Amino acid sequence: MKRFIIKLLLLIVLLPAFAHAQEADTLLKMDELEFVDGGISEVSTDSVVVDTAQNLKKTTAVITTEEHASSESLLGIFLAGLLGGFTALLMPCIFPMLPLTVSFFTKGNQNKSQSFIRALFYGISIIVIYVVLGLAVTMIFGSDALNALSTNGVFNFFFFLMLVAFGASFLGAFEINLPSSWVNKMDAKSDKGGWAGIFFMAATLALVSFSCTGPIIGTLLVQAATSGALLGPAVGMFGFSFALAIPFALFALFPSAMKAMPKSGGWLNSVKVVLGFLELAFALKFLSNVDLAYHWNWFDREVFLSLWIVIFGLMGLYLLGKIKFSHDSNLPHLSVIRTFIAIIVLSFTVYMIPGLWGAPLKSISAFLPPQSTQDFDLNQGSLIGGSHVTDVSKRKYSDLFHAPLGLNVFFDYEEGLQYAKTHHKMVMLDFTGHACVNCRKMEANVWTDVQVRSFLTNNVVIIQLYVDDRTELAVEDQQKTSSGKLLKTIGSKWSYLQSSQFESNSQPFYVLMNPANRQVLVKPKGADYDATTYLAYLNEGLKAFSLIK
66 MKRFIIKLLL
76 LIVLLPAFAH
86 AQEADTLLKM
96 DELEFVDGGI
106 SEVSTDSVVV
116 DTAQNLKKTT
126 AVITTEEHAS
136 SESLLGIFLA
146 GLLGGFTALL
156 MPCIFPMLPL
166 TVSFFTKGNQ
176 NKSQSFIRAL
186 FYGISIIVIY
196 VVLGLAVTMI
206 FGSDALNALS
216 TNGVFNFFFF
226 LMLVAFGASF
236 LGAFEINLPS
246 SWVNKMDAKS
256 DKGGWAGIFF
266 MAATLALVSF
276 SCTGPIIGTL
286 LVQAATSGAL
296 LGPAVGMFGF
306 SFALAIPFAL
316 FALFPSAMKA
326 MPKSGGWLNS
336 VKVVLGFLEL
346 AFALKFLSNV
356 DLAYHWNWFD
366 REVFLSLWIV
376 IFGLMGLYLL
386 GKIKFSHDSN
396 LPHLSVIRTF
406 IAIIVLSFTV
416 YMIPGLWGAP
426 LKSISAFLPP
436 QSTQDFDLNQ
446 GSLIGGSHVT
456 DVSKRKYSDL
466 FHAPLGLNVF
476 FDYEEGLQYA
486 KTHHKMVMLD
496 FTGHACVNCR
506 KMEANVWTDV
516 QVRSFLTNNV
526 VIIQLYVDDR
536 TELAVEDQQK
546 TSSGKLLKTI
556 GSKWSYLQSS
566 QFESNSQPFY
576 VLMNPANRQV
586 LVKPKGADYD
596 ATTYLAYLNE
606 GLKAFSLIK
């Protein structure tokens, strides 16, 4: 048995290293797939911009922002996994198994510590199984491919379809089950007893509960994978399995506490249905990413909001018992908790309605399409008011991209530098993306601050470079890379500029630069949702620029 445990530990330790070794050698380059008329094709996008890269001098700044952003990203993924795990406990496939499993460890065993140790090993086995799953995702794709997932239109569309399927499953359209032969094999091995038997009991739980946990795990893995963090999937699965394992160990230590647990019933299915609505709402974000990256212009901000209002409105009506699915039990009365949740959901629904006329909706702005996609915006005047924006109609790519908040923004690197040099202003490179949630959050919550917006309007020339845009470059703008491959898209051009010159591939990424010699003024910065510290960063760059000037 000791050998068995040692092998498991070695597997956990070695898989990340193996995954790291696979980063540059994955079977499929995610950024080489794109939508074209008639289907999906591969394009050569070895993102090396020869001319632009040669024009830009290497910065000597020590860049640590990506490491900080990565740690914050991993913490967010862990917390999302933890929340997902606690939610999974309330699913009808797992909740009724709690007392049965705990009684197995406590029944006929007078030694309380021994019962706890066995239950603890059961919990650790659950963690091992799910973490290995997360590491396997990293091992298969590699971190480069995981980062590309968040910006690739094909995979964003695939994720949209997958989450819609998960949502339909939770709503009762069908069940997602693993092959019964897998479950039977694991169940047979769990009957052997001993430590190995306990491990296979945990594996059986993972397989049997897949119809409930599968959509949650799938959604979590999608979120973790699209974060671009190397260990994102593993950290997400650790949070999920940790939350799943805690009750088994605690109830084995304090079995009397199980008396306080609510009884199984129709409320368990209600949890599934609510999660189904949430899956559908979350799926729309990925469809929006595709629409923005390919400029289809089908999925504007008000369309997105309309769908969310309907989804959360239906969820609220369901919680009130006004809507019932075929597999729901009768609801003779509302519980207090269910009433409170319905109030929260319906209040959120009402909160979103003004967004149809342009209200900023700052609390959810990170998930919405940009404000510039709004066709009817009563708030537009107040956003642009006070900004002295020159005519941008003749600027390169102005027909594709729209300046946030009516700011004076360029979308081409060389054009923006030339303008800043002529007007003797500092440059701020803003590496952003259509699928970048944090970018939208910065624009809606930080750039709208009165002092920050005033600074951005009067003291700096903003050059916004979209690293995930799939628009094909004009023939005269297409460039060959050092390896001889042809660079075709706008996004890959700016993506390489960021990665090769600033050693970063995370967004948002802000670089304050002197346009005369293209020298970085202060250390580049990632997302910072504190307007005061962000303004201090801008002022620090302006001070350095004024000393040079």
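Here our numbering is used: the first residue of the sequence shown is 66, the next is one more, and so on.
Quick reminder that beta carbons are idealized off the backbone N, C-alpha and C, glycines included.
The model shown is predicted, which means the values in this text are computed figures rather than measured ones.
(1) On the DSSP letters alone, give me the boundaries of the beta strand (DSSP E) that Y594 sits inside.
(2) Return the chain-ordered list of same chain residues with a C-beta closer than 8 angstroms to the C-beta of A153, the five sequence neighbours on each side being excluded.
(3) Spatial neighbours of A431 within its chain, please: C-beta separation below 6 angstroms, excluding the five flanking residues on both sides.
(4) Quick one: grab the DSSP three-state call for Q436.
(5) Is K545 helix, strand or coil when you go by DSSP?
(6) Please tell me whether F390 and A346 are closer than 8 angstroms, where the distance is taken between their beta carbons.
(7) Is Y462 helix, strand or coil by DSSP?
(8) Shortest alpha-carbon distance to K350 belongs to which of N582, V339, L372?
(9) Counting only C-beta atoms, is K588 closer than 8 angstroms to chain C at any point?
(10) Between the alpha carbons of L198 and T284, how many angstroms are there, rounded?
(11) Going by Cα to Cα distance, which pick from A539, G556, E537 is closest to Y531?
(12) Given a threshold of 16 other Cβ atoms within 10 Å of its Cβ, counted over all protein chains shown, does K558 qualify as buried or as exposed?
(13) Could you tell me the distance, in whole angstroms, from the CA atom of K608 to the CA atom of F476?
(14) Would F239 pass as a contact of L340 if the rule is Cβ separation under 8 angstroms?
(15) Would the stretch 594-611 count as touching the stretch 510-524 if we require 3 or more Cβ pairs under 8 angstroms?
(16) In this structure, does DSSP put Q584 in helix, strand or coil?
(17) Do N354 and N473 have their CB atoms nearer than 8 angstroms?
(18) Which residues bound the alpha helix (DSSP H) around L318?
(19) Secondary structure at Y359, three-state DSSP: helix, strand or coil?
(20) Is it buried or exposed, Q179, if we count other Cβ atoms within 10 angstroms and call 16 or more buried?
(21) In or out: Y594 buried (at least 16 other Cβ within 10 Å) or exposed?
(22) The alpha helix (DSSP H) with V492 in it runs from where to where?
(23) So the beta strand (DSSP E) F574 belongs to, where does it begin and stop?
(24) Run through DSSP, which three-state label would F475 get?
(25) Might you give, ordered along the chain, the residues of its own chain that have their beta carbon closer than 7 angstroms to the beta carbon of S611, omitting 5 neighbours on each side?
(26) Let me check one thing: in DSSP terms, what residues is Q529 bridge-paired to?
(27) For my contact list, F313 and A184 are in at a C-beta cut-off of 8 angstroms; report their separation, rounded to the angstrom.
(28) DSSP has L140 in a bridge; who is on the other side?
(29) Give me the DSSP bridge partner(s) of L53.
(30) Please say whether Q572 and F496 have beta carbons closer to each other than 8 angstroms?
(31) What is the rounded straight-line gap between the Cα of L165 and the Cα of S190?
(32) For E240, name the three-state secondary structure that DSSP assigns.
(33) With 16 other CB atoms within 10 Å as the buried threshold, where does Q543 fall?
(34) Excluding the 5 residues flanking D533 on each side, which residues of the same chain have their C-beta closer than 6 angstroms to its C-beta?
(35) Provide the residue span of the alpha helix (DSSP H) that contains F231, from first to last.
(36) Using DSSP bridges, identify the partner residues of P554.
Looking at the atomic coordinates:
(1) To locate residue 594, count along the sequence shown from 1; it is residue 529. Counting along the chain, Y594 falls outside any beta strand (DSSP E), and DSSP gives it neither H nor E.
(2) The residue given as residue 153 occupies position 88 in the sequence shown. These residues qualify, in order along the chain: I159, S274, C277, T278, I281, F305, A308, L309.
(3) Within the sequence shown, residue 431 is the residue found at index 366, counting from 1. Contacts found: V502, R505, K506.
(4) In the sequence shown, residue 436 corresponds to position 371, counting from 1. Note: Q436 maps to helix in three-state DSSP.
(5) Position 480 of the sequence shown holds residue 545. In the structure shown, K545 sits in a strand (DSSP, three-state: E or B).
(6) The count along the sequence shown starts at 1 and reaches residue 390 at position 325. The count along the sequence shown starts at 1 and reaches residue 346 at position 281. Result no, Cβ atoms of F390 and A346 do not sit closer than 8 angstroms.
(7) By 1-based counting over the sequence shown, the position of residue 462 is 397. Here Y462 sits in coil by DSSP.
(8) Here residue 350 refers to the residue found at position 285 of the sequence shown. Ranking N582, V339, L372 by Cα distance to K350 puts L372 first.
(9) The question asks about chain C, but that chain is absent: this structure has only one protein chain.
(10) Here residue 198 is taken as the residue at index 133 of the sequence shown, counted from 1. Here residue 284 is taken as the residue at index 219 of the sequence shown, counted from 1. In a straight line, the C-alpha of L198 is about 14 angstroms away from that of T284.
(11) In the sequence shown, the residue the question calls residue 531 occupies position 466. Checking every option, the nearest Cα to that of Y531 belongs to G556.
(12) Here the question's residue 558 lines up with position 493 in the sequence shown. That one is buried.
(13) Against the sequence shown, residue 608 aligns to sequence position 543. Against the sequence shown, residue 476 aligns to sequence position 411. Approximately 25 angstroms between the Cα atoms of the pair.
(14) Within the sequence shown, the letter at position 174 stands for residue 239. Within the sequence shown, the letter at position 275 stands for residue 340. Not a contact, by the Cβ cut-off of 8 angstroms.
(15) yes
(16) Counting from 1 along the sequence shown, the entry for residue 584 is found at position 519. Reduced to three states, the DSSP call for Q584 is strand.
(17) As a first step, residue 354 is located in the sequence shown; it is residue number 289 there, counting from the start. As a first step, residue 473 is located in the sequence shown; it is residue number 408 there, counting from the start. It is not a contact, given that the beta carbons lie outside the stated cut-off.
(18) Taking the first residue of the sequence shown as position 1, residue 318 is located at position 253. Where L318 is concerned, the enclosing alpha helix (DSSP H) stretches over 297-318.
(19) One-based indexing of the sequence shown puts residue 359 at position 294. Y359 falls in the coil class under three-state DSSP.
(20) By 1-based counting over the sequence shown, the position of residue 179 is 114. The residue in question, Q179, is exposed, as its Cβ has fewer than 16 Cβ neighbours within 10 Å.
(21) In the sequence shown, counting from the first residue as 1, residue 594 sits at position 529. Its Cβ having fewer than 16 others within 10 Å, Y594 is exposed.
(22) By one-based count along the sequence shown, residue 492 stands at place 427. It is not in any alpha helix (DSSP H) - V492 instead sits in the beta strand (DSSP E) that spans 491-497.
(23) Translated into positions along the sequence shown, residue 574 becomes position 509. Note, F574: beta strand (DSSP E), 574-579.
(24) Within the sequence shown, residue 475 is the residue found at index 410, counting from 1. Strand.
(25) If you number the sequence shown from 1, residue 611 lands on position 546. So no residue of the chain qualifies.
(26) The count along the sequence shown starts at 1 and reaches residue 529 at position 464. Paired residue(s): D495.
(27) For this step, residue 313 is matched to residue 248 along the sequence shown. For this step, residue 184 is matched to residue 119 along the sequence shown. Right, their Cβ atoms sit about 5 angstroms apart.
(28) As a working mapping, residue 140 is identified with position 75 in the sequence shown. Partner(s): none; L140 has no beta bridge.
(29) Past the edges of the chain, shown from 66 to 614, lies residue 53, and the structure says nothing about it.
(30) Residue numbering aside, residue 496 sits at position 431 when the sequence shown is read from its first letter. Residue numbering aside, residue 572 sits at position 507 when the sequence shown is read from its first letter. Result yes, Cβ atoms of F496 and Q572 sit closer than 8 angstroms.
(31) What you label residue 165 is simply residue 100 of the sequence shown in a count that begins at 1. What you label residue 190 is simply residue 125 of the sequence shown in a count that begins at 1. In a straight line, the C-alpha of L165 is about 18 angstroms away from that of S190.
(32) Taking the first residue of the sequence shown as 1, we reach residue 240 at position 175. Coil.
(33) As a working note, residue 543 is residue 478 in the sequence shown. Per the 10 Å Cβ criterion, exposed.
(34) Numbered from its first residue, the sequence shown carries residue 533 at position 468. For D533, where only same-chain residues beyond five positions count, the Cβ hits under 6 angstroms are T216, A358, G498, H499, A500, G556.
(35) Working through the sequence shown from its first residue, we reach residue 231 at position 166. First-last of the alpha helix (DSSP H) with F231: 218-235.
(36) Here residue 554 is taken as the residue at index 489 of the sequence shown, counted from 1. What sits at residue 554 in the sequence shown is Thr, not Pro. The partner list for T554 (beta bridge, DSSP) reads E537.
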